[in-house]
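Heads up, the thing below is written out as structure tokens.
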Amino acid sequence: MRNLQGRLELCSINTATLGHREPLNQTIERIARAGFGGIAPWRREVEGGDVPRLARQIKALGLSVTGYCRSTYLPAATSAEFSANVEANRAALRDAAVLGAQCFVLVVGGLVPGSRDLEGARSQVVDGISMLLETARECGVPLALEPLHPMYAAKRAVVNTIAQALSICETVDPDRSGFIGIAVDVYHCWWDPELTASIATTGQANRILAYHVCDWLHETNDMLLDRGMMGDGVIDLPAVRSCVERAGYNGLVEVEIFSAQNWWQREPDEVLAICAERLQTVC
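Throughout the sequence shown, residue numbering follows full-length UniProt numbering, covering 1 to 283 in sequence.
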């Protein structure tokens, strides 16, 4: 396992960690000034802005874009709505290409509102990803399918384990083109009894595209907005990273923390300093 001590260039900050409280150009400056090697911006910060200018700023400051967050949900009640969701993701992929993103993160969506058709939603997800794969190839930006914790299955993601995500990748891309893989986020997968085996299998398929860290608090208060800083919770972070790196992943370690009542209330530079310390000591 790589030693992160004194190696912040191996670490990235997902901009959600800072709570989207400042314009992206300021956030880019902060992350670069703090010594990190990468950044993962969100569409809400990019769309409607001068994307080429943001790309130039990121490049000039020596940052890599470890991911672009995130996809429009795919499942829909009508074919027209489904097509619109796919087109929104195609547009985002084009922005991801301008930014030089290493991947476009797919959070696929949950059940169609008012529906109980879980298998139908999952079928739409496979269809939508199949449609996006050619655009990903054209843009040169791989799709990073991120399985979410099962508590999100109803609303945010009907893809819930690494094994399930890998099965989808193999279904839509049996030739292993390099344009679809998996974002491994410890918050969503730490609990999985098949985690070690699933990561190993994903690595053998050369499909680990991103690795996200935070922590799961023992007394979490909100299923979405109460993630913990690394070291404050129950996840064995070194064990998971060791597994991911043994499986062949050598990309950046990306911090992604949603924390409305704690970390989003603190000064951004303080949050970055603590992220830096924890990455080097407990991850």
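Beta carbons: idealized from backbone N, C-alpha and C, even for Gly.
Residues bridged to residue 254 (per DSSP): Within the sequence shown, the letter at position 254 stands for residue 254. According to DSSP, residue 254 bridges with 12 and 212.
Bounding residues of the alpha helix (DSSP H) (the contiguous stretch that carries residue 145): As a first step, residue 145 must be located in the sequence shown, where it is residue number 145. Note, residue 145: premise wrong, no alpha helix (DSSP H); beta strand (DSSP E) at 143 to 145.
From 9, 17 and 12, residue whose alpha carbon lies closest to that of residue 226: Here the question's residue 226 lines up with position 226 in the sequence shown. The option with the nearest alpha carbon to residue 226 is 17.
Length-filtered (4 minimum) alpha helix (DSSP H) runs lying within the stretch 153 to 241: Runs of the alpha helix (DSSP H) inside the stretch 153 to 241: 162 to 172, 186 to 189 and 195 to 204.
8 Å contact criterion, which residue 162 and residue 199 should meet: CB distance rounded: Residue mapping note: residue 162 aligns to position 162 of the sequence shown, counting from 1. Residue mapping note: residue 199 aligns to position 199 of the sequence shown, counting from 1. Contact annotation, residue 162 with residue 199: C-beta distance approximately 6 Å; criterion of less than 8 Å satisfied.
Member of 42, 202, 1 and 126 whose CA lies at the smallest distance from the CA of residue 108: By one-based count along the sequence shown, residue 108 stands at place 108. The option with the nearest alpha carbon to residue 108 is 126.
Opening and closing residue of the alpha helix (DSSP H) in which residue 107 lies: As a first step, residue 107 is located in the sequence shown; it is residue number 107 there, counting from the start. Element bounds for residue 107: n/a, residue is neither H nor E.
8 Å contact criterion, which residue 153 and residue 110 should meet: CB distance rounded: Residue mapping note: residue 153 aligns to position 153 of the sequence shown, counting from 1. Residue mapping note: residue 110 aligns to position 110 of the sequence shown, counting from 1. Right, the Cβ-Cβ distance comes to about 6 Å (below 8 Å), so this counts as a contact.
Reference residue 203; option with closest CA among 159, 242, 88 and 20: Start at 1 with the first residue of the sequence shown, and residue 203 comes out as number 203. Selected option, being the one with the closest Cα: 242.
Endpoints, the alpha helix (DSSP H) within which residue 40 is located: If you number the sequence shown from 1, residue 40 lands on position 40. Counting along the chain, residue 40 falls outside any alpha helix (DSSP H), though it belongs to the beta strand (DSSP E) covering 38 to 40.
Beta-carbon proximity check, residue 282 vs residue 230, cutoff 7 Å: Residue 282 sits at position 282 when you count from the first residue of the sequence shown. Residue 230 sits at position 230 when you count from the first residue of the sequence shown. Yes.
Coarse secondary structure for residue 69, derived from DSSP in three states: Against the sequence shown, residue 69 aligns to sequence position 69. Strand.
Distance between beta carbons of residue 131 and residue 86, contact taken as under 8 Å: For the purposes of this step, residue 86 is identified with residue 86 of the sequence shown, where counting begins at 1. For the purposes of this step, residue 131 is identified with residue 131 of the sequence shown, where counting begins at 1. Contact between residue 86 and residue 131 holds: their C-beta atoms lie close to 5 Å from each other, under 8 Å.
Pairwise C-alpha distance: residue 30 and residue 22: Taking the sequence shown and counting its residues from 1, the one referred to as residue 22 is at position 22. Taking the sequence shown and counting its residues from 1, the one referred to as residue 30 is at position 30. Near 10 Å, if we compare the C-alpha coordinates of residue 30 and residue 22.
Best match in 129, 116, 55 and 58 for proximity to residue 105 [C-alpha to C-alpha]: Taking the sequence shown and counting its residues from 1, one reaches residue 105 at position 105. Taking each of 129, 116, 55 and 58 in turn and checking the Cα distance to residue 105, the smallest one comes out for 129.
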